[in-house]
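Numbering (UniProt numbering), first residue to last: 1 to 660. What follows is one structure encoded as structure tokens, with my remarks underneath.
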């Protein structure tokens, strides 16, 4: 990408509508909507290039091939004339490829997405300044394929913006955070998490009454828009506000944790690592390690990372206090030890409220590779902390042995890719899990991790739904269960693999076993909900889905539990509620085609034919080979009862899914 001072640049703005500006000629005026549409789409393609066939199908999908190609030629001719009038040479073609000249283009969306990984508050704020409105706001062509692409990108980018504004609001001071919280609510007034953020920030500012009024506004909005009550996490925050004294935000509780930091998302403080051998060079290593871990944790949107303040003494002879640490829910600490050229780092995570250890691990390396060793530790610590806190939230203690450090690292990385849950991330997760399994073929965690990423890879269309693929997932999960029979995680992973090959009764038995081992495990309830739904046991499925949603409290796989609710409601004929839940699933996870197929079926069942058609276009844009003959059984698990199965296929047919 060319910098602004290295020659004539063309700034393409896609947020808040389409604009293109040349630094010499100023704003460029283009004829009609097709020219802007072509530039906008190319600007978001890899290499800023696309085939003529793709552009023709995208913009004139309702026409036959000959007419769409002719229309594309005419639109390109008009576009080139418009650009030439301003002396701008931006479009070039090579055979079947049409492309922008990347060296002459700056795109606000690219600057926005690249900047979201910024390590400083200032850089993150600079990246978010690019988001001035919805993606391509107001650009509507009437072409289903193109308009669906805009909608999908608009929703995805809005989601990233909301999460990043929320992260920024937690990094700046509470007053500045409140301004950002209000902006977030303006962007998406129906986002319950944003109301909760505002309540937390108001509490941190000592404005308890305003925080309570914000809850009432949230509750009223949810009732009006969706006909539901506030979620359990929001209600718990509200109840804490009601019980707190007027000065609660300024008073320490008995365990030293202010209420403002106990509420909301988990907070972590990284304490200075202790140099046990006293060598000065190891002090620098320990400080660098703390800085790397703090920076990496700060980039995770689900956690608030608080800086540890230097110890202070309030009076002569009094013990030092560390308010920066004690404000956090969790404390991450460690030590560095040297023996010759060898280095050992011990790290532990403690729950400050309960006083118990959550996780601990040791790392061994050599001082001649200190920076590489430091990077490896920081990455491993962050992965382990995120996963351990997820298990803590689920009230799960992992009973399977972690294995040697390299296996543990690869398994953690694979699970992080699994939790991203996109087709690309699942393929990376499979590769990492395969490596872990090849190093530790007897390790139960490696087996169950490889099983779940394979099964989910099939569910997302990243892997072909072939008999051998599913059978391998089952075999790996069965081996993990044999190794550790009381591991509820492995039981649920086996259940999911069994469901994927249609062995519903066996899958239910594994889920029941998992729930008996741990009644608080949300995945057990969520998975058995899906299985009950496939068997047509609607009441049981709805009850278990709601229990899973309650226990999961909006974690990373919450969308899966809502999908189980959709499958159950559709089987029970409650089409409108099923459609509302399906919309939520697709908004949360657009790449989950199973969810989008139920979106299409429920929209069709409620008579929303245009929405049903859009849903099918959304599915086919990701998996063009989908049709009525291979979708179910095949890509989507089959309902056990024939009339449920037939109705599902009928609704998909009405929505426009091809017959073959």
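Ideal placement from N, C-alpha and C gives every residue a C-beta, glycine not left out.
Beta-carbon proximity list for residue i, same chain, < 7 Å, skipping 5 on both sides
i           : result
residue 663 : Residue 663 lies beyond the range of the chain shown here (1 to 660); nothing can be said about it.
residue 407 : 436, 439, 440, 443, 446
residue 508 : 528, 531
residue 587 : 155
residue 141 : 33, 37, 59, 147
residue 415 : 387, 449
Opposing strand residues paired with residue i [DSSP bridges]
i           : result
residue 334 : 347
residue 51  : 97
residue 135 : 15
residue 489 : DSSP, once it has assigned bridges, lists no residue as partnering residue 489.
residue 274 : 335
residue 21  : 11, 27
Coarse secondary structure for residue i, derived from DSSP in three states
i           : result
residue 362 : strand
residue 10  : strand
residue 46  : helix
residue 100 : strand
residue 316 : Note that residue 316 has pLDDT 44, beneath the 50 cutoff, so the model's placement of it is unreliable and the number below is only indicative. In the structure shown, residue 316 sits in coil (DSSP, three-state: anything other than H, G, I, E or B).
residue 310 : Bear in mind that the predicted position of residue 310 carries a pLDDT of just 44, short of 50, making it unreliable; the figure below should be weighed with that in mind. In the structure shown, residue 310 sits in coil (DSSP, three-state: anything other than H, G, I, E or B).
residue 26  : strand
residue 227 : coil
residue 105 : strand
residue 563 : helix
residue 144 : helix
residue 342 : strand
residue 528 : helix
residue 557 : coil
residue 216 : helix
residue 92  : strand
residue 357 : strand
residue 247 : Low confidence applies to residue 247: its pLDDT is 37, below 50, so where it sits in the model is not reliable enough to give any reading.
residue 438 : helix
residue 283 : helix
residue 588 : helix
residue 418 : helix
residue 1   : With a pLDDT of 40 at residue 1, under the threshold of 50, the modelled position of this residue cannot be trusted; read the value that follows with caution. Coil, per DSSP.
Close beta carbons around residue i, own chain, < 6 Å, minus the five adjacent residues each side
i           : result
residue 550 : 232
residue 716 : Since the first and last residues shown for the chain are 1 and 660, residue 716 lies out of range.
residue 563 : 585, 595
residue 111 : 130
residue 428 : 417
residue 622 : 593
Beta carbon of residue i nearer than 7 Å to that of residue j
i           : j           : result
residue 332 : residue 343 : no
residue 198 : residue 181 : yes
residue 73  : residue 56  : no
residue 32  : residue 137 : no
residue 644 : residue 572 : no
residue 659 : residue 626 : no
residue 20  : residue 28  : yes
residue 383 : residue 412 : yes
residue 450 : residue 432 : no
residue 639 : residue 534 : yes
residue 293 : residue 270 : yes
residue 497 : residue 483 : no
residue 152 : residue 590 : yes
residue 430 : residue 453 : yes
residue 211 : residue 162 : no
residue 234 : residue 166 : no
residue 219 : residue 230 : yes
residue 337 : residue 392 : no
Any C-beta of chain C under 7 Å from that of residue i
i           : result
residue 422 : Reference to chain C is not applicable here, since this structure consists of a single protein chain.
Cβ neighbours of residue i in the same chain (closer than 8 Å, five flanking residues each side left out)
i           : result
residue 646 : none
residue 40  : 12, 14, 18, 136, 139
residue 583 : 599
residue 126 : 115, 118
residue 214 : 195, 198, 199, 202
Contact test: residue i Cβ vs the ligand ZN heavy atom, cutoff 6 Å
i           : result
residue 632 : For the structure depicted, the ligand ZN is absent and the ligand set is empty, with no information on it obtainable.
Checklist entry - Should the stretch 520-530 be called in touch with the stretch 485-502, which here means at least 3 C-beta pairs below 8 Å? => result Three or more beta-carbon pairs separated by less than 8 Å link the stretch 520-530 to the stretch 485-502, which places the two stretches in contact.
Checklist entry - Do the stretch 92-103 and the stretch 38-54 make contact, defined as three or more Cβ pairs closer than 8 Å? => result yes
Checklist entry - Below 8 Å, can you find three or more Cβ-Cβ pairs linking the stretch 413-429 to the stretch 450-460? => result Yes: the two stretches touch, three or more of their Cβ pairs being nearer than 8 Å.
Checklist entry - Three or more C-beta pairs closer than 8 Å, one from the stretch 122-130 and one from the stretch 72-88: is that the case here? => result They do not touch, by the three-pair rule.
Next on the checklist: Using a Cβ distance threshold of 8 Å, determine whether the stretch 190-205 contacts the stretch 163-178, with at least three qualifying pairs required.
Outcome noted: yes
Item to check | Validate contact between the stretch 99-116 and the stretch 77-87 using beta carbons, cut 8 Å, 3 pairs | outcome: no
Next on the checklist: Is it the case that the stretch 603-611 contacts the stretch 162-177, given that we only count it when at least three CB pairs across the two stretches are under 8 Å?
Outcome noted: The answer is no - the stretch 603-611 does not touch the stretch 162-177, with fewer than three Cβ pairs under 8 Å.
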